[in-house]
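A quick write-up on the structure given underneath.
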Amino acid sequence: MSAVDIEQPAQQSVQQSAPTASHESAERALRIELAGTYRAFAMLGWTELIYNHITVRIPGPGTHFLINPFGLHYTEVNASNLVKIDVDANVIGSSAYPVNPAGFVVHAAIHRAIPDAHCVMHTHTTAGLAVACSQAGLENTNFYSAQLHDMVAYHDFEGVTVRADEGARIVADLGDKRVMILRNHGLLSIGSTIAEAFVRLWTLNRACEVQLATAALGTARAIPDDIAARSTRDALQFNPRHGAGADVLQALLRQVDRIDPSYRE
Ligand SMILES: [Zn+2]
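In full-length UniProt numbering, the protein residues as written are 1 to 265.
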């Protein structure tokens, strides 16, 4: 979860019941989509050396997830080296790479507590972290913050997120919201799909970028609550009729394909 997460010894593998052919096919598609999303994060500059995670629950028997192999940069993630783990970060099957179980603590708590939280994303972008460090948090002063009216939860900083008991407090602070500012730490989003989590995180991160730029110009002009509420209702990227993020994610994945399609391997 954090740039100073503590490396843990490799986990023991556990056995699982056999998935069906359709589960295997769905997992393969999800691996490609997730690996492409890691590459898209790298393309956007949303990387923190080898740290941070995007995790996705996979269909099939058991409650299993895909996570980035610990030690690789997001540009090195591909469909095959994503690691399948259970909610306790035990590796399912085998993996040439370890995972960072300490970093999975918060993701696991959310996946465990929220049934439709199939995807959890977490970043330490400079703009997101800067707003997370500010006393006011996200201000309702720009086009993108206006699309997140009453959607953002906050969680107070407790240090490096390596303790399982913090997970319960993060889930409680999240409540029914789907994006969170981890104070003094970074941003987090969840979604029922990768695309949904992505478009939420992108909107929050963009709002933070604009807030940071506006701060350099002086006092920002506030947006009235009723206008923000209307903006949020009207926001196309959250609307299932406009793909709930799928359109924008697919556009980014096509861009990734033009740069380096090796994530599909
Ligand atoms: Zn973190």
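A virtual CB, placed ideally from N, CA and C, is assigned to each residue, including glycine.
Taking 8 Å as the threshold (C-beta atoms), are residue j and residue i in contact?
i	j	result
N140	A228	yes
Q147	T203	yes
V131	C208	yes
H118	I85	no
N52	H124	yes
G167	V105	yes
A109	V99	no
If residue i and residue j are in contact, beta carbons under 8 Å, what's the gap, nearest whole angstrom?
i	j	result
R183	Y144	Their Cβ separation, rounded to whole angstroms, is 20 Å, which puts R183 and Y144 out of contact at 8 Å.
A195	M121	So it is not a contact: roughly 11 Å between Cβ atoms.
V87	R112	6 Å
V199	A102	28 Å between Cβ atoms; not a contact.
T214	A220	5 Å
G45	P19	G45 to P19, Cβ: 36 Å. No contact.
L253	G36	4 Å
Which residue marks the beginning of the alpha helix (DSSP H) containing residue i, and which one marks its end?
i	result
R163	Neither: R163 is in no alpha helix (DSSP H) and is coded neither H nor E.
D247	A246 to I259
L201	I194 to A215
H23	A21 to L44
S231	D225 to D234
I67	First-last for I67: H64 to I67, but that is the beta strand (DSSP E), not the alpha helix (DSSP H).
L129	T126 to C133
Within the 8 Å Cβ cut-off, does residue i reach chain E?
i	result
Y154	No chain E is present in this structure, which holds just one protein chain.
Just the Cα atoms here: how many angstroms apart are residue i and residue j?
i	j	result
I50	G218	35 Å
K66	E33	Note that residue 66 is Leu in the sequence shown here, rather than Lys. Computed Cα separation, rounded: 11 Å.
A235	T55	25 Å
A136	G128	13 Å
residue 275	Q211	For the chain, the structure presents residues 1 to 265; residue 275 sits outside this window and is missing.
R169	V160	14 Å
Y97	N68	9 Å
D116	R57	10 Å
R264	Q250	14 Å
S94	Q237	37 Å
I92	D257	29 Å
V4	C133	Here V4 scores only 37 on pLDDT, less than 50, and its place in the model should not be relied on; the value that follows carries that caveat. One C-alpha to the other measures close to 17 Å.
F157	A21	43 Å
residue 322	A246	Here the chain has residues from 1 to 265 only, and residue 322 is not among them.
E27	R230	38 Å
V248	N239	12 Å
S25	T126	37 Å
L174	L30	26 Å
Which residues bound the beta strand (DSSP E) around residue i?
i	result
Y154	V152 to H155
T123	C119 to T123
D86	V83 to D86
T55	I54 to I58
residue 280	Residue 280 is absent from the model: the chain starts at 1 and stops at 265.
V179	V179 to L182
Decide yes or no for the touch test of the region 188-206 against the region 158-178: beta carbon pairs closer than 8 Å, at least 3 of them.
Of all C-beta pairs linking the region 188-206 to the region 158-178, three or more are shorter than 8 Å, placing the two stretches in contact.
Counting Cβ pairs closer than 8 Å, one from the region 69-82 and one from the region 25-44, do we hit at least three?
yes
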